[in-house]
Every structure is written in structure tokens, then in C-alpha cells.
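Visitor: After the C-alpha cells below, expect a handful of questions from me.
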Amino acid sequence: MNSKPQLRTVQVIRYVTPLREGGSLPAIAEADDEFLYVLKFRGAGQGVKSLIAELIGGEIARLLGLRVPEIVFAQLDTAFGRTEPDEEIQDLLKASVGLNLGLHYLSGSITYDPAVTKLPSRLASQIVWLDCLLTNVDRTARNTNMLVWNKELWLIDHGASLYFHHSWTNWEEQAKRPFAPVKDHVLLPQAAELDIVDAEYAPLLTEERIRAIVGLVPDDWLTGGSEDGSANERREVYIQFLLTRVASSPIFVKEAQHARTTLI
């Protein structure tokens, strides 16, 4: 596996349509490479922290062999959006000048419906393990954040992951905690192979690979908040959080297995 991931940078040239179902007003936009992207804006509600979680979560999922649409940096210029008639969207675009995040738009995809499609136990276990690692609270029956495209399952929207970074307090302790929200995970009933997946996945997330992924996060995303610390110091917290989380994987696996026994 490639331990040095790279992200392309594209220039956003056209705002196509907002995705109103997203809480932070993501949008479909066209870039200068003629592809469409789902754009996540730095000026939206959770700011750059949701972009950091999206980037780290998505690239970890990709490293583990799960399908995630290509993630790109999306450059938004000052002039962009001046002709946008919707005032709320215009304000969002003005607040998002600079580097944003885009995911390749999977045209024609459909939302994964657990009532229609049952996933293999191994794949369900892999996704549950990933979300426990990332503390991703947003893969529930109400909002699966999975798409079926070309008969394959794709993971989207990891912006609600790594929620420790909204406070930064006791991050060392948070890294070792079980992930209680796993009880609401849409795939938990099918996740019968968590021990097997843990044995496969934990060794893949080496310090070198985690550093390479966290190293993709732009410096100004790390220093834009009210917290103290340089970009490198902030980056190191993410790295140490993930390393501790991987080392503590038996804790969150046990929690997930316990939650599963109460469901089935």
C-alpha cells in the first residue's frame, strides 16, 4: 500500500446546486478539470474542523481498502459567487475563499438502504471498525452516509468524525475510550467479524502511514481556530490521538461486540 498519499488541487469554476440535505450546505460544483465535485466549505457551520475530519477519515478509509470518492483540495477565488442570487449561499462562498475540500461526485449513485441491500459480514465489520476508530457518529439508519454506485458500496461524509477536536480537552483519555454511539451504527447487526478485521486493520495503520495522511492537512486549517499551538503542534495531536486509538482498538471492538449482542 502507498504510504504517501497525495491530493490534487482543482480550481472551482461553477457553483451548480446546493445539497440542502447537508447541515453545512455542501454543494455540487464544477472544477477546471471538467469534473463535478461535492464541495465542503471552510466557511460552513463547523468550519475547517469538519474538513480536517473529512480528509483524515476519508484517506484512512481508502488506505484500509474501502471505497471513497477521490478527495481534492478545491480553491475558491474571491470573485467566485458574486453572481449567486441566494444571500445565504453568497455569504457562505465569501466566507470560504481559499482552500476547501471536494469529493468526486458519483453521478447516478443511490443512497444505501439497509432494508434493500445486506452487506457481507466482513465488509460491515470493516466499516464499523473504521467508524469506531474515527469516532464517527454519523453512520446511522437515519443517515447512512453510504452510496451504491456501479453496484459497489462507497463511503462518504466523514466530517462528523474525530469529535475530540471540538474541545481538545483530555484528548489522550478520549483516545482510549470505547465508542458508545456504535450502538446506533446502521451496520452493527451485520458486523460479526470485528475480531478478524481488528487483526487485519490495526497493523496497517502504522505511524508512518498515519503521519503521511495527517501531513496532508493544510497548515492554515490547523491554526484557524481559537486554540493555542502551532500547526505542527496541532498536527501532532491528531497523530498521537490516532496512534493511541489504534493501540486501544480492543477497547472499542469489545464495546461494539457488546452493543451488537443486545441487538441480535
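For the sequence shown, position 66 (counting from the first letter as 1) is numbered 66 according to the UniProt record's numbering, and the numbering increases by one without interruption. Just so it is clear, CB atoms sit at the ideal spot from N, CA and C, and this is done for glycine as well.
How many Å lie between ARG260 and ALA141 at the Cα?
Guide: Each residue's Cα considered, the two are about 15 Å apart.
Visitor: Could you tell me the alpha carbon to alpha carbon distance between SER249 and SER125, rounded to whole angstroms?
Guide: Rounded to the nearest angstrom, the two C-alpha atoms are 13 Å apart.
Visitor: Out of ASP33, ASP32, PRO5 and VAL48, which has the shortest C-alpha to C-alpha gap to GLY159?
Guide: Looking at the Cα atoms, VAL48 is the closest of the given residues.
Visitor: Hey, LEU134 and SER161: beta-carbon distance below 7 Å or not?
Guide: Taking 7 Å as the Cβ cut-off, LEU134 and SER161 qualify as a contacting pair.
Visitor: Kindly list the residues whose CB is nearer than 6 Å to the CB of LEU205, restricted to its own chain and excluding five residues on each side of it in sequence; keep chain order.
Guide: Contacts found: VAL246.
Visitor: Excluding the 5 residues flanking VAL148 on each side, which residues of the same chain have their C-beta closer than 6 Å to its C-beta?
Guide: Here the set comprises ILE110 and TYR112.
Visitor: Our contact map puts LEU19 next to LEU101 with C-beta atoms below 8 Å; I'd like the distance itself, whole angstroms only.
Guide: LEU19 to LEU101, Cβ: 14 Å. No contact.
Visitor: Taking only the alpha-carbon atoms, compute the straight-line gap between ALA251 and GLU172 and give it to the nearest angstrom.
Guide: First, the amino acid is wrong: residue 251 is Ile here, not Ala. Each residue's Cα considered, the two are about 14 Å apart.
Visitor: Would you call GLN190 buried or exposed, if buried means 16 or more other Cβ atoms sit within 10 Å of its Cβ?
Guide: So GLN190 ends up on the buried side.
Visitor: Measure the Cβ-Cβ separation of HIS104 and GLU70 and say whether it is below 7 Å.
Guide: For HIS104 and GLU70, yes; Cβs fall inside 7 Å.
Visitor: When you compare each of ARG177, THR9 and ASP138 to TYR37 by their alpha carbons, which one comes out closest?
Guide: That would be THR9, whose Cα lies nearest to the Cα of TYR37.
Visitor: To the nearest whole angstrom, what separates the beta carbons of GLY98 and ARG42, a pair I think is in contact under 8 Å?
Guide: Between ARG42 and GLY98 the Cβ distance is about 7 Å, and since that is below 8 Å, they are a contact.
Visitor: Beta carbon of ILE213, beta carbon of ILE239: below 7 Å?
Guide: No, these two residues do not count as a Cβ contact at 7 Å.
Visitor: Indicate whether at least one CB of chain C lies closer than 7 Å to the CB of ILE196.
Guide: Annotation note: the requested chain C is absent from the structure, which comprises a single protein chain.
Visitor: Please classify GLU193 as buried or exposed, where buried requires at least 16 other C-beta atoms within 10 Å of its C-beta.
Guide: With 16 or more other Cβ atoms within 10 Å, it is buried.
Visitor: Find out if the Cβ-Cβ distance for the pair VAL68, ALA74 is shorter than 7 Å.
Guide: No.
Visitor: Does GLU34 come out as helix, strand or coil in the three-state DSSP assignment?
Guide: Correct three-state label for GLU34: coil.
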